[in-house]
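**Q** Below is a structure I'd like to ask you about.
There are 2 protein chains.
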Amino acid sequence: MPYADSAETASRWATERAINVWTVFSGDLPAPAIEALAAGFQDIRADGARLALIVPPGEVPTASERALADLVVDGPAMPSPFGLFAALRAAGCDDVRRLGLLGASTTALDAGHRAGATAVVGIAAGERRTLLAAQPDVIVTATDFATLDRDRYASARAHRERVLLNPGPAVVSDRVHRAVGGPDVCHREPEYTAIFQRVRHKLLRLAGVADDWAVAMLAGSGTAAMEAMTGAATRPGRKLLVCRNGIYGERIETIARRLGIEVVVVAASDLQPIAPGDVAAALAADPTIDAVAVIHHETTTGLLNPVHEIAAVAHGHGALVLVDAISSFGAEELRLDGTGIDFVASTSNKCLHGLPGVAFVLVSPRGQARIEEVPPRSLYFDLGAYLKAQATGTVPFTPAIPAVYGLEAALDELLDEGLKERQAFYQARMAFLDAAFTRLGLEPRVAAPHRSHSVHSLPLPDGVVYRDLHDALKADGYVIYGGLGEAAKTSFRVCALGALGIGALEGFVAALEDVLSRRVALTSA
Amino acid sequence: MPYADSAETASRWATERAINVWTVFSGDLPAPAIEALAAGFQDIRADGARLALIVPPGEVPTASERALADLVVDGPAMPSPFGLFAALRAAGCDDVRRLGLLGASTTALDAGHRAGATAVVGIAAGERRTLLAAQPDVIVTATDFATLDRDRYASARAHRERVLLNPGPAVVSDRVHRAVGGPDVCHREPEYTAIFQRVRHKLLRLAGVADDWAVAMLAGSGTAAMEAMTGAATRPGRKLLVCRNGIYGERIETIARRLGIEVVVVAASDLQPIAPGDVAAALAADPTIDAVAVIHHETTTGLLNPVHEIAAVAHGHGALVLVDAISSFGAEELRLDGTGIDFVASTSNKCLHGLPGVAFVLVSPRGQARIEEVPPRSLYFDLGAYLKAQATGTVPFTPAIPAVYGLEAALDELLDEGLKERQAFYQARMAFLDAAFTRLGLEPRVAAPHRSHSVHSLPLPDGVVYRDLHDALKADGYVIYGGLGEAAKTSFRVCALGALGIGALEGFVAALEDVLSRRVALTSA
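Below, the structure written as structure tokens:
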């Protein structure tokens, strides 16, 4: 996939076929299959694809094969890939990622793999088992191929890359997509330990803390990391102070209550940051508060809470500090060293530009000592077990290995870019969007000083229904996100996370402007 | 990757280079980079790789470029991939999966992607940011390339595919590996709902139950599914009966106790199945038992528990039945319809041949009613929330999308193979291993009638140290697994899960025989 750096890329993602050149080896498919393919290929051809027949030496194409083919090329016998390259050249296509192979034999399918074809489709006459060893992406009958093409490879397929402007999972680079397909390994072997240690080291480097901090990597979503952190920090009989000014603050509160932890809430409205003074007052009023939990970036509205000030206050009262940095880690400034913060929960698939499946908790030395004092409230979320295993280079449960591969690739990408540069890029991207929103009369609901650099909640213009706005933009290749709760009727969200260049956002703004102007025209008509 | 169906494949996996042909475009790399590459390329060449220089029209290779190259081919200008195909042909290599590209420009890197090269390496002179948009797999300096080659692509690299004989994660097919790289999507969009519904339907089809069963898919390992199931089935003030004859029975017991659920244990030794009569007696003795949990396949020793008999007994007493089918689902007979079983926990990455990161719980209608009666003991593991979300086509938390893609591909593969055929294949594979073990004097520790068809625990021969046996076999490409607890000193495990043909096991048996005979020779010397 090209990098999403322009309106043109967004448009291609939203409208292009996945496969432009389908290939068949002469002599590979039985005659009835050729006939059935030909019957269904009209629609595929009309959608812009062509079928190339590869004729190996000594092979004479049948009349049906010739009738099916748009192009006929010579090529060496299967499983050589060179005939597929000749087909690409004849079709004027210079990318194997637009190439597909249809095969009825394991040798033909093997040629597809050797050519790097994006689609390797097994055409089954009877039973499918013999084709399995050649590992096609899918096995269908020749009759069903047209439906398969429509669903998976055609210009109108629903399941495809789009410019995602939701608050994660984000669009990630091909570097990350390619990494997740890495080798199958046993997580009890030293090669997995080596990967874990590298990822751990890279996370600590980005966090700006020393090696005496611990990293628990969990298979799960960001909420899994929140729950693990929440359950580990408060001793029995003590309380957790939860800062609540949005859905995610509510979520920590719910987690704590379900785990039987007594909660003290310091609240603010969805559009206001938590006041450190309120936290100080609550701490002064209740000496049994053991820890303070705060959401760094409330994705509900795109609001940043003053985590460093809150941490300083809590630290002054001897309370540990838990920060939910799920949608901020990597994009927003977060200072951990010496700031009083003890636990940080985050996830791979937001501002780190990895894929969903792995989340993590960073734990300060003081946090590690606390974990040892707290009887575990769960097995899966027993942070102590993760840290104990880590000390001997192992993990308590099977990790989400593909997602860990993706996380390492994403961290390498971030280190190649530079953390400061990544943060500056998030700022520049949102500054671009803000200027556009102002021009369009869409003032972000959160006041400028408290806005995050990845998520903005915007008022829905009068008369605009969110679903219509969403669907119109999606047709152009842009996926926006709804508001939450009551705000769902009057607001929507635009997020800029992941591997998206400003050029892609320019395309989005143009599309948004176009959709809104059409709506205004409709309303005023 | 070829399918693991022979000793030769296992040996290739364990010993071959990943990349045989490195390519460079003439004019792309600055002169100092060419010099630095040449200095490091001696070792790479000695390891069997060659470097091909692609000369576009009008380009005249420098003396340094010529000195670096093993092969010189003509090809069109970057980013065309056809020069890379010419390089492959000149090198006598017919597989783009053995092809790598080194590039200092985004155009060169793009050529690598268009050619389907397995390795696309950015060579950085100064800052790396400009290369990021071309999405190379890695960015290094020319001086560091030799180290990168040694770690990632050379014959002696540690991180590579091997024939995994551990109890999961298993070796999976390329079909699954390719699927996990699928499009980035927002899980709140209808295209994710469609995937979830398809996976749900396929799981229910394999389970042999109607659509009134529910499926909760969790981002997490099998243990996450165990904990979700365990927390959802026992009402406050009632007890959970846990059948315990191995590590995984112990694990359910620990989960329940940590969640504050009172437990009654029915135990047996690690080598004996749980007696249904013991379960009946315990149920008769305590009418407050609300549910019975049993491990279908105790991976500790490779033992099958009589889940259907135990379920019948429990059902007769009005207790719900929880089955941990983590390492049995797909491989062992498990009848759910009308058998009294209400909850089944399993995971993608064992006998279903998917990748780690997604686990699931199947829930009968009676189980669903129970969930509504039990106040949630966790947020992340609140099965009620998963089922409620499912009813409206959504999910409560970000799913592990790549692992879900892999699971669907794996389920398709299983449906193409046939469930009965998959089970017969597991039986045949283990029958082959058992015959070999008998011949080698390694009688599985569990008696034949109770053995599973994927995991066997074997006695370590006298004088054989597990670590030495493991390492010797690993050098041949086979990864075995240790015993647990006390049994670690006297036993080891051999598992046959995943996409491994009997031919690969033949290779393993030959390697095992060889290693053991050498050991005997040593001992008797």
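Keeping their order, the protein sequence lines are chains U and C. Read in the working numbering, the first sequence has 59 at position 50, and its numbers run on one by one without any break. Read in the working numbering, the second sequence has 415 at position 406, and its numbers run on one by one without any break. All residues carry an ideal CB built from backbone N, CA and C; glycine is no exception. These numbers were taken from a predicted model, which means no experiment stands behind them.
Could you tell me the boundaries of the alpha helix (DSSP H) in which M226/C lies?
**A** Segment 223-228 is the beta strand (DSSP E) holding M226/C; no alpha helix (DSSP H) there.
**Q** Count the other C-beta atoms from every protein chain shown that fall within 10 angstroms of the C-beta of G516/C, then say buried if there are 16 or more, exposed otherwise.
**A** G516/C should be labelled buried.
**Q** Taking any Cβ of chain C, which residues in the stretch 15-27 of chain U have a Cβ under 8 Å from it, in chain order?
**A** Per Cβ criterion, the list is empty.
**Q** Name the DSSP beta bridge partners of A354/C, please?
**A** DSSP, once it has assigned bridges, lists D333/C, V370/C as partnering A354/C.
**Q** Looking only at its chain, what residues have a beta carbon closer than 8 Å to the beta carbon of T239/U, apart from the 5 residues adjacent to it on each side?
**A** L249, I261, I264, A265, L268, I270, A302, L331.
**Q** Look up I132/C in the DSSP assignment and give the residues it is bridged to.
**A** DSSP lists V149/C as partners of I132/C.
**Q** Select from L227/U, V464/U, G472/U, M439/U the residue whose C-alpha is nearest the C-alpha of G366/U.
**A** The option with the nearest alpha carbon to G366/U is L227/U.
**Q** In the stretch 211-261 of chain U, which residue ranges form an unbroken alpha helix (DSSP H) of at least 4 residues, counting only runs that do not cross its ends?
**A** Qualifying alpha helix (DSSP H) stretches, in chain order: 231-241.
**Q** Could you check what DSSP says for T32/U in three-state terms: helix, strand or coil?
**A** Reduced to three states, the DSSP call for T32/U is strand.
**Q** Going by C-alpha to C-alpha distance, which of D220/U, A155/U, A289/U sits closest to V251/U?
**A** Nearest option by C-alpha distance: A289/U.
**Q** Using a Cβ-Cβ cutoff of less than 6 Å, which residues in the same chain neighbour T6/U once the five nearest sequence positions on both sides are dropped?
**A** With chain U running from 10 to 534 in the structure shown, residue 6/U is simply not present.
**Q** Report the residues of the stretch 61-94 of chain C with a CB closer than 9 Å to any CB of chain U, ordered along the chain.
**A** Within the stretch 61-94 of chain C, the qualifying residues are P85, P88, S89, P90, F91, F94.
**Q** Please identify, using Cβ separations under 7 Å, the residues of the stretch 370-398 of chain U that lie next to chain C, in order along the chain.
**A** Cβ contacts with chain C come from P385, R386, S387, L388, Y389.
**Q** Is E495/U buried or exposed, if buried means 16 or more other CB atoms sit within 10 Å of its CB?
**A** When all chains shown are included, E495/U counts as exposed.
**Q** My assumption, with CB atoms under 8 Å, is that V181/C sits in contact with G67/C. Please give the rounded CB distance.
**A** Rounded, the Cβ-Cβ distance is 46 Å, inconsistent with contact.
**Q** Give the single residue among L371/U, D279/U, I43/U, L173/U whose Cα lies nearest to the Cα of H459/U.
**A** Ranking the options by Cα distance to H459/U, first place goes to D279/U.
**Q** Who are the near neighbours of L514/U in its chain, counting only those whose CB is closer than 7 Å to its CB and skipping five residues on each side?
**A** Only R438, F441, L442, A505 meet the Cβ criterion.
**Q** Below 7 Å on C-beta distance, what does P282/U contact in chain C?
**A** The contacting residues do not exist; P282/U stays about 24 Å from chain C at best.
**Q** Alpha carbon to alpha carbon, what distance is there between C195/C and A409/U?
**A** When rounded, the distance between both Cα atoms is 20 Å.
**Q** Measuring CA to CA, which of H305/U, D477/U, Q399/U, G512/U is closest to V353/U?
**A** Comparing Cα-Cα distances from V353/U to each of H305/U, D477/U, Q399/U, G512/U, the minimum goes to H305/U.
**Q** Using the Cβ count rule (16 or more neighbours within 10 Å means buried), how would you classify S500/U?
**A** Burial call: buried.
**Q** Which word fits P282/U, buried or exposed, when buried means at least 16 other C-beta atoms lie within 10 angstroms of its C-beta?
**A** So P282/U ends up on the buried side.
**Q** At a Cβ threshold of 8 Å, is T232/C touching chain U?
**A** It does; some Cβ of chain U falls within 8 Å.
**Q** What does P408/U reach in chain C if we use C-beta pairs closer than 8 Å?
**A** What P408/U touches in chain C: S230, P365.
**Q** Report the residues of the stretch 185-206 of chain C with a CB closer than 9 Å to any CB of chain U, ordered along the chain.
**A** Answer in chain order: V185, H186, R187, A188, V189, G190, G191, P192, D193, V194, C195, H196, R197, E198, P199, E200, Y201, A203, I204.
**Q** Mind checking which residues open and close the beta strand (DSSP E) that includes R502/C?
**A** Where R502/C is concerned, the enclosing beta strand (DSSP E) stretches over 500-504.
**Q** At the 8 Å Cβ level, is H210/C part of the contact set with chain U, yes or no?
**A** No, H210/C lies away from the interface with chain U (no Cβ there is under 8 Å from its Cβ).
**Q** For Y12/U, return the contacting residues in chain C, with the cut-off set at a CB-CB distance below 7 Å.
**A** Going along chain C in sequence order, the residues near Y12/U (Cβ under 7 Å) are A142, Q144.
**Q** Can you tell me which of the three DSSP states I53/U falls into?
**A** Correct three-state label for I53/U: helix.
**Q** Cβ of I380/U within 8 Å of Cβ of A241/U?
**A** The answer is yes: Cβ separation under 8 Å.
**Q** Strictly below 9 Å CB to CB, what residues from chain C border S182/U?
**A** In chain order: L141, A142, Q144.
**Q** Buried or exposed for Q144/U, please, with buried defined as at least 16 other CB atoms from any protein chain shown within 10 angstroms of its CB.
**A** It is buried - the Cβ of Q144/U has at least 16 other Cβ atoms within 10 Å.
**Q** Quick one: list the residues of chain C neighbouring S311/U, beta-carbon separation under 9 Å, in chain order.
**A** Checking the sequence, you will find Gly at residue 311/U rather than Ser. Neighbours of G311/U on chain C: none; closest Cβ ~17 Å, over 9 Å.
**Q** For my contact list, R54/U and V30/U are in at a C-beta cut-off of 8 Å; report their separation, rounded to the angstrom.
**A** R54/U to V30/U, Cβ: 12 Å. No contact.
**Q** Could you confirm whether any beta carbon from chain U is found closer than 8 Å to the beta carbon of P245/C?
**A** So no, P245/C is outside the interface.
**Q** Assign I43/C to one of three DSSP states: helix, strand, or coil.
**A** Three-state DSSP puts I43/C in a helix.
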